[in-house]
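Counting in our numbering, the sequence shown tops out at residue 607, every number present. For glycine and all other residues, C-beta sits at the position ideal for the given N, C-alpha and C. Everything numeric in this text was worked out from a predicted model, so none of it was measured. Okay, structure first, notes after.
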Amino acid sequence: MDEYLKETSFLDFNNPKFDVFLSNLDLDGGTQKEIALMLYSFVRDYFIYDPYHLNLTEEGLKASTVLTKNRAWCVEKSSVLAACARKYGIPSRLGYGIVTNHIGVEKLTSRLRRKEIVFHGYVEMYIENSWVKCTPAFDERICQMIGVAPLDWDAETDSLFQEFAAGQKFMEYLHFYGDFADVPMELMRGEMKKYYPHLFEKIHDERNFSFKY
Numbered sequence: 395m396d397e398y399l400k401e402t403s404f405l406d407f408n409n410p411k412f413d414v415f416l417s418n419l420d421l422d423g424g425t426q427k428e429i430a431l432m433l434y435s436f437v438r439d440y441f442i443y444d445p446y447h448l449n450l451t452e453e454g455l456k457a458s459t460v461l462t463k464n465r466a467w468c469v470e471k472s473s474v475l476a477a478c479a480r481k482y483g484i485p486s487r488l489g490y491g492i493v494t495n496h497i498g499v500e501k502l503t504s505r506l507r508r509k510e511i512v513f514h515g516y517v518e519m520y521i522e523n524s525w526v527k528c529t530p531a532f533d534e535r536i537c538q539m540i541g542v543a544p545l546d547w548d549a550e551t552d553s554l555f556q557e558f559a560a561g562q563k564f565m566e567y568l569h570f571y572g573d574f575a576d577v578p579m580e581l582m583r584g585e586m587k588k589y590y591p592h593l594f595e596k597i598h599d600e601r602n603f604s605f606k607y
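Right, dumping it as structure tokens:
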């Protein structure tokens, strides 16, 4: 279990930016479950979900780098949540999948040239003797804009299936990559290149879309 508690180059929770980021949360004295729930809601809603600016560089994937922004995509938000959990002694690991029926990405799929979203990120925390999955990607604001309910989590059961059409359809997972103690940067880059080779053929640095690797 130590593997899922330690600081890493990507989950760098001892960076002073985390103290500032979490300063308005009253986490002292809470149980692991209570802390996990507060962290989940806070990270989910603090960052506006933005899958249109993807940074796969080592610096870009550091959790402390994400804290300098107010917009983030699922991989970034998952790293922040996993790092915060470890900071408070809650074992955490990272999970990734290939999904379809992803909310709010109509323009993105035209950029990606296919419907699959590769390396959709989520987090697993070890709470009360079991691993539980949660997805902090889609904040309340983006869900309200699209007309769906935000994905809640009770820290007891897995929460992965974000509604993408109100009361009708949900995100579908086509493939799970497994769980990881740290960000699997090379695997992520390799899968991105496999599914979206055109993104690696030129520089993408526009106001509405950027891709760095």
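>> Considering only the alpha carbon of each residue, which of G515, Y482, K501, P530 lies closest to T425?
In response: Within the sequence shown, residue 425 is the residue found at index 31, counting from 1. For T425, the nearest C-alpha among the options comes from Y482.
> Pick from I492, L461, G491, Y490: whose alpha carbon is nearest that of A477?
Replying inline: Counted from its first residue, the sequence shown places residue 477 at position 83. That would be L461, whose Cα lies nearest to the Cα of A477.
> Out of I536, W525, E566, which has the shortest C-alpha to C-alpha gap to T551?
Replying inline: In the sequence shown, counting from the first residue as 1, residue 551 sits at position 157. Nearest of I536, W525, E566 to T551, Cα basis: W525.
> Counting pairs of beta carbons, one from the region 539-555 and one from the region 413-424, are three or more of them closer than 8 Å?
Replying inline: no
> Where does M395 land, buried or exposed, given buried means 16+ other C-beta within 10 angstroms?
Replying inline: Sequence index remark: in the sequence shown, residue 395 carries index 1 (1-based). So M395 ends up on the exposed side.
> What number of angstroms, rounded off, separates the C-alpha of Y520 from the C-alpha of L399?
Replying inline: Along the sequence shown, one-based indexing puts residue 520 at 126. Along the sequence shown, one-based indexing puts residue 399 at 5. Y520 and L399: Cα-Cα distance of roughly 10 Å.
> Secondary structure at M432, three-state DSSP: helix, strand or coil?
Replying inline: On the sequence shown, residue 432 is found 38 positions in, with the first residue counted as 1. Helix, per DSSP.
> Which of the three DSSP states, helix, strand or coil, is assigned to F412?
Replying inline: As a position in the sequence shown, residue 412 is number 18, starting the count at 1. Reduced to three states, the DSSP call for F412 is helix.
>> With H, G and I counted as helix, E and B as strand and the rest as coil, what does DSSP make of T459?
In response: Here residue 459 refers to the residue found at position 65 when the sequence shown is read from its first residue. Note: T459 maps to helix in three-state DSSP.
> For R583, which residues from the same chain have a beta carbon less than 7 Å from its beta carbon, with the 5 sequence-adjacent residues on both sides left out?
Replying inline: Here residue 583 corresponds to residue number 189 of the sequence shown, with the count starting at 1. Hits under 7 Å: L450, Y607.
>> Assuming contact is defined by CB atoms lying nearer than 7 Å, are V474 and G515 in contact in what I supplied?
In response: Looking up residue 474 in the sequence shown gives position 80. Looking up residue 515 in the sequence shown gives position 121. Cβ distance not < 7 Å, so V474 and G515 don't count as in contact.
>> Among V437, L455, L581, G489, whose alpha-carbon lies nearest the alpha-carbon of R535?
In response: Your numbering for residue 535 matches position 141 in the sequence shown. Ranking the options by Cα distance to R535, first place goes to V437.
>> Between K527 and G489, how many whole angstroms is the CB-CB distance? I'm expecting something under 8 Å.
In response: Mapped onto the sequence shown, residue 527 falls at position 133. Mapped onto the sequence shown, residue 489 falls at position 95. With 8 Å as the limit, K527 and G489 qualify as a contact, their Cβ atoms being about 6 Å apart.
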